[in-house]
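The structure appears right after this line, and notes come after that.
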Amino acid sequence: KKKLAKINLDKSLKNINLEIKKMKQEKEVLKGQREILNEIDATVVEEEACTFGQLENERKLRKIIQEKLTIQEARPNGNNAAQHYRRKRKRLLDLQEEEVAAKKSQIKLLIHENFQLKEIVKRTKIELIEKIQIKE
Numbered sequence: 002k003k004k005l006a007k008i009n010l011d012k013s014l015k016n017i018n019l020e021i022k023k024m025k026q027e028k029e030v031l032k033g034q035r036e037i038l039n040e041i042d043a044t045v046v047e048e049e050a051c052t053f054g055q056l057e058n059e060r061k062l063r064k065i066i067q068e069k070l071t072i073q074e075a076r077p078n079g080n081n082a083a084q085h086y087r088r089k090r091k092r093l094l095d096l097q098e099e100e101v102a103a104k105k106s107q108i109k110l111l112i113h114e115n116f117q118l119k120e121i122v123k124r125t126k127i128e129l130i131e132k133i134q135i136k137e
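Structure follows, in structure tokens:
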């Protein structure tokens, strides 16, 4: 039962990592589109600052990853190795669950940010079309 839970967490984390990667790529494409439209229009749409939620989420993920590395490097001291490894496995599993939760939050933040970028690109395109129609 524990192995199945671990396997499910591993699969979930892998899928989440792929989704985050895809969303970050989409974000870069949208930023590129926005920059091109700004160059065409000769205006600059201000860059959105990172929200507190994004910063907090990134901080939490760094903390989890750092703790995972620390625990993975830990070695048993004394002759109670079996208990040490049990606690180590349990804590790593807990950290992996926390990482999955934090990355799910990151996905929600990326969805929101990409939505905002799409709206900016759409609005800029409409404004450009209107300017072109006025000139004609």
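For the sequence shown, this note's numbering gives the first residue as 2, with consecutive numbering after it.
We put the beta carbon where it would ideally sit given N, CA and C, even for glycine.
Of all the options 37, 129, 20, 61, which has the alpha carbon lying nearest to the alpha carbon of residue 99?
Comparing Cα positions, the closest option is 61.
Compute the Euclidean distance between the alpha carbons of residue 11 and residue 71, then round it to the nearest angstrom.
Whole-angstrom Cα-Cα distance: 19 Å.
Find the nearest neighbour of residue 1 within the set 128, 125, 97, judged by alpha-carbon distance.
Nothing can be reported for residue 1: it is not among the residues displayed for the chain, which extend from 2 to 137.
Please determine if the region 105-122 and the region 52-67 are in contact, where contact requires at least 3 C-beta pairs separated by less than 8 Å.
With a cut-off of 8 Å, the region 52-67 and the region 105-122 count as touching, because enough Cβ pairs lie within range.
Quick check on residue 65: buried or exposed, where buried means 16 or more other Cβ atoms within 10 Å of its Cβ?
The residue is buried, with at least 16 neighbouring Cβ atoms inside 10 Å.
Using the rule of at least 16 other Cβ atoms within 10 Å of the residue's Cβ for burial, across every protein chain shown, is residue 82 buried or exposed?
Flag for residue 82 reads exposed.
Which residue comes first and which comes last in the alpha helix (DSSP H) that contains residue 75?
Run containing residue 75: none; DSSP gives neither H nor E here.
Need the endpoints of the alpha helix (DSSP H) that residue 52 sits in, please.
That residue, residue 52, is in no alpha helix (DSSP H); it is neither H nor E in DSSP.
Could you give the DSSP three-state label for residue 33: helix, strand or coil?
If DSSP states are grouped into helix, strand and coil, residue 33 belongs with the helices.
Determine whether the beta carbon atoms of residue 101 and residue 13 lie at a separation below 7 Å.
For residue 101 and residue 13, yes; Cβs fall inside 7 Å.
May I have a chain-ordered list of the beta strand (DSSP E) segments no shorter than 3 residues that lie completely inside the region 96-136?
Taking only runs of at least 3 residues, no beta strand (DSSP E) segment lies wholly in the region 96-136.
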